[in-house]
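Written below as structure tokens is the structure these notes are about.
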Amino acid sequence: MIRRAQGQEIDAVAELWLETNLKAHDFIPAQYWKANFEGVKAVLPQAELYVYQDEGGIQGFIGLSGDYIAGIFVRSERQSRGVGRRLVDFAKGIRGRLRLSVYQKNARAVKFYLREGFVVQREGRDENTGEAEYEMVWKPEDERP
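Remember, this note's numbering sits 1178 above the position in the sequence shown when you count from 1.
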């Protein structure tokens, strides 16, 4: 089930954010994510967050800011089992278009977004980490060239 995150779940969501970033972005020093943890945790209550929950608890979440996907985070043991796809499909259902940034070195995520119909709009560089990234967009089929 996908639903809006609740205030008392912020700690669990923040821990999932940290765990997933450490594993998915091993090309960035772990200290970067740890140093940003408290700041992220402080802004999460103001974010538009949707969690994927099953009988085992929160398995993933997506953060949206307008049509921008701030991030999709899925427990490592639940990755490649449809949780990320369900979260993206949910976002597609409530937004007319979507955009995001993804590190180029995160090949697994890039492949996932391409498979989900996103296209690379442009290449850039994350100003915080210096890492190369793609800006990607998704549009409904009737808006594609």
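The C-beta atom is built at its ideal place from N, Cα and C for all residues, glycine as well. For clarity, every value in this text was computed on a predicted model and none was experimentally measured.
* Asked: Would you report the Cα separation of I1247 and S1279, rounded to the nearest angstrom?
  -> As a first step, residue 1247 must be located in the sequence shown, where it is residue number 69. As a first step, residue 1279 must be located in the sequence shown, where it is residue number 101. If I take the Cα positions, the gap works out to 8 Å.
* To do: Would you be able to state if there are at least three C-beta pairs under 8 Å between the stretch 1265 to 1276 and the stretch 1216 to 1225?
  => no
* Take L1215 as the anchor and find which of V1297, E1197 and Q1231 has the nearest alpha-carbon. => For the purposes of this step, residue 1215 is identified with residue 37 of the sequence shown, where counting begins at 1. Leu is not the amino acid found at residue 1215; the sequence shown has Phe there. Closest option to F1215, Cα to Cα, is E1197.
* Would you call F1251 buried or exposed, if buried means 16 or more other Cβ atoms sit within 10 Å of its Cβ? -> Counting from 1 along the sequence shown, the entry for residue 1251 is found at position 73. The residue in question, F1251, is buried, as its Cβ has 16 or more Cβ neighbours within 10 Å.
* Could you work out which residue in H1203, Q1237, G1241 and L1265 is closest to E1255 when comparing CA atoms only? => Taking the sequence shown and counting its residues from 1, the one referred to as residue 1255 is at position 77. Minimum Cα distance to E1255 is reached at Q1237.
* **Unbroken alpha helix (DSSP H) run spanning F1215, endpoints** => If you number the sequence shown from 1, residue 1215 lands on position 37. Its alpha helix (DSSP H) spans residues A1208 to V1221.
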